[in-house]
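Below is one structure, written out as structure tokens; the observations come after it.
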Amino acid sequence: MSSKIKPISIGRQAPEFETTDDQGIKYSKSGLLGSKYLLYFYPRDHTPGCTIQACGFRDLMKEFREENVIILGISGGDQASHQKFRSKLELPFPLLLDPDFKIAKSFGVFGEKKFMGKVFDGIHRTSFYIDAAGCIIETYVKVKAKDHPKQFLSDLLQTVKTSII
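Per my numbering, the very first residue in the sequence shown carries number 170; after that it's consecutive.
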């Protein structure tokens, strides 16, 4: 078993990564420079909590687009699973592939979990808000699937409001 998770700290550069999404489009940290994005790690396609979280982001996409923030989901599922999950939920954002959990490990969110009395290694529901320079400006650890999209939007709008004042 892996040790407990240690997510990358606020203020640090996000780790380099390169992958594809459910449509086969390439994504990388360097390719996202110049854009603000939320990289949200979720445990598994087609599960109740992950469905609730993904739908929460879907339902708030208008607001995220108005703030020029890209939403990117990422988990260990394969391309076919991600395609089905995205299509079924009509998600307007990409789902990135991390089949060997290298990206999750580099962000420090893959490790020991306990669920229904079983201990296993997996992705912990964690998100990183990354600025246009590739720096982590907010980290959300142990998020509640239902509340996370609204909490992120609230934090985002508060940051925008504070920067205007």
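Think of the CB as a built atom: it goes at the ideal place given N, C-alpha and C, for glycine as much as any other residue.
For this session: For Arg234, verify whether its CB is less than 8 angstroms away from any heavy atom of the ligand NAP.
Result: No copy of the ligand NAP occurs in the structure displayed, which carries no ligand at all.
Exercise. Thinking just about the alpha-carbon of each residue, which of Phe233, Phe321, Leu265 and Lys313 is nearest to the one in Ile194?
Worked result: Counted from its first residue, the sequence shown places residue 194 at position 25. Measuring from the Cα of Ile194, the nearest candidate turns out to be Leu265.
Problem set entry | Rounded separation between Gly218 and Cys224 - CA only | Residue 218 sits at position 49 when you count from the first residue of the sequence shown. Residue 224 sits at position 55 when you count from the first residue of the sequence shown. Cα to Cα, Gly218 sits roughly 10 angstroms from Cys224.
For this session: Could you name the residues of the same chain whose beta carbon sits closer than 8 angstroms to that of Leu258, not counting the 5 residues immediately before and after it, in chain order?
Result: For the purposes of this step, residue 258 is taken as the residue at position 89 of the sequence shown. Answer for Leu258: Thr220, Ala223, Cys224 and Arg227, listed in chain order.
Exercise. With 16 as the cutoff for other CB atoms within 10 Å, does Ser244 come out buried or exposed?
Worked result: Against the sequence shown, residue 244 aligns to sequence position 75. With 16 or more other Cβ atoms within 10 Å, it is buried.
Exercise. On the three-state DSSP scale, how would you describe Gly291?
Worked result: Numbered from its first residue, the sequence shown carries residue 291 at position 122. Reduced to three states, the DSSP call for Gly291 is strand.
For this session: May I ask you to verify whether the region 282 to 289 touches the region 187 to 204, counting CB pairs closer than 8 angstroms and requiring at least 3?
Result: no
Problem set entry | Gly291 versus Gly303, Asp300, Tyr298 and Lys274, residue with shortest Cα-Cα distance | Your numbering for residue 291 matches position 122 in the sequence shown. The shortest C-alpha separation from Gly291 is found at Lys274.
For this session: Just mark Pro144 as buried or exposed, buried being the case when its beta carbon has 16 or more other beta carbons within 10 Å.
Result: The requested residue 144 does not occur in the structure, where the chain is confined to residues 170 to 334.
Exercise. For Tyr206 versus Ile239, is the C-beta distance shorter than 9 angstroms?
Worked result: Stepping through the sequence shown from its first residue, residue 206 is reached at position 37. Stepping through the sequence shown from its first residue, residue 239 is reached at position 70. Yes.
Exercise. DSSP beta-bridge partners for Val310?
Worked result: One-based indexing of the sequence shown puts residue 310 at position 141. For Val310, which the question treats as bridged, DSSP gives the partners Thr295.
Exercise. Which two residues bound the contiguous beta strand (DSSP E) that contains Ser197?
Worked result: Mapped onto the sequence shown, residue 197 falls at position 28. Per DSSP, Ser197 belongs to the beta strand (DSSP E) from Lys195 to Ser197.
Exercise. What does Ser244 pair with, by DSSP beta-bridge criteria?
Worked result: Here residue 244 corresponds to residue number 75 of the sequence shown, with the count starting at 1. Paired residue(s): Leu266.
Exercise. Nearest-angstrom Cα distance between Ile177 and Phe297?
Worked result: Counting from 1 along the sequence shown, the entry for residue 177 is found at position 8. Counting from 1 along the sequence shown, the entry for residue 297 is found at position 128. Roughly 9 angstroms separates the two Cα atoms.
For this session: Going by CA-CA distance only, name the one from Ala302, Phe321 and Leu326 that's closest to Gly203.
Result: Locating residue 203 in the sequence shown gives position 34, counting from the first residue. For the residues Ala302, Phe321 and Leu326, the minimum Cα distance to Gly203 belongs to Ala302.
For this session: Report the three-state DSSP secondary structure of Ile334 (helix, strand or coil).
Result: Along the sequence shown, one-based indexing puts residue 334 at 165. Low confidence applies to Ile334: its pLDDT is 39, below 50, so where it sits in the model is not reliable, and the reading given next is rough at best. Of the three classes helix, strand and coil, the one that applies to Ile334 here is coil, per DSSP.
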